[in-house]
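Residue numbers 2 to 73, in my numbering, belong to the letters of the sequence shown in order. C-beta atoms are modelled at their ideal positions from N, C-alpha and C, and glycine is treated no differently. Just so we're clear, the structure is a prediction, and the values are computed from it rather than from any experiment. Please read the structure below before turning to the comments.
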Amino acid sequence: MYYIVLDLGCAECGESSNILVIFTSLDEAKKALNVYKEKNHLDEESDHEFYIYKIDKLNHIYHNSYEHMVEE
2 MYYIVLDLGC AECGESSNIL VIFTSLDEAK KALNVYKEKN HLDEESDHEF YIYKIDKLNH
62 IYHNSYEHMV EE
């Protein structure tokens, strides 16, 4: 299993979106997300949304991202 951490920025505000990391451990992905948010001073007041997606294979197109989203 792979866990992809995504920082979704704001197109209207000019905040970029980034894939932060891909891990094989959900715990490591969550830790990395928390470190990123703390280091970049991003909280609920920022123009960013954060998601962790779970996929089971690489080199594959996933058509419904909501099915693969990890609930926090």
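Practice item. Reducing DSSP to helix, strand and coil, say where L59 ends up. Key: Here residue 59 corresponds to residue number 58 of the sequence shown, with the count starting at 1. Look at L59 here: in three-state DSSP terms it is coil, with no helix or strand label.
Review point. Quick one: Cα of Y67 to Cα of Y54, how far?
Key: Locating residue 67 in the sequence shown gives position 66, counting from the first residue. Locating residue 54 in the sequence shown gives position 53, counting from the first residue. Distance between the alpha carbons of Y67 and Y54 is about 9 Å.
Review point. How long is the line joining the alpha carbons of K58 and N19, rounded to whole angstroms?
Key: Locating residue 58 in the sequence shown gives position 57, where the first residue counts as 1. Locating residue 19 in the sequence shown gives position 18, where the first residue counts as 1. Looking at the two C-alpha atoms, the distance is approximately 20 Å.
Check your understanding: Apart from the five residues just before and just after G15, which ones in its own chain have a Cβ nearer than 8 Å to its Cβ?
Key -> Start at 1 with the first residue of the sequence shown, and residue 15 comes out as number 14. Closer than 8 Å at the Cβ level, and outside the excluded window around G15, lies no residue.
Check your understanding: Which of helix, strand or coil does DSSP assign to L7?
Key -> Along the sequence shown, read from residue 1 onward, the residue named residue 7 stands at position 6. The answer is strand: DSSP assigns L7 an E or B state.
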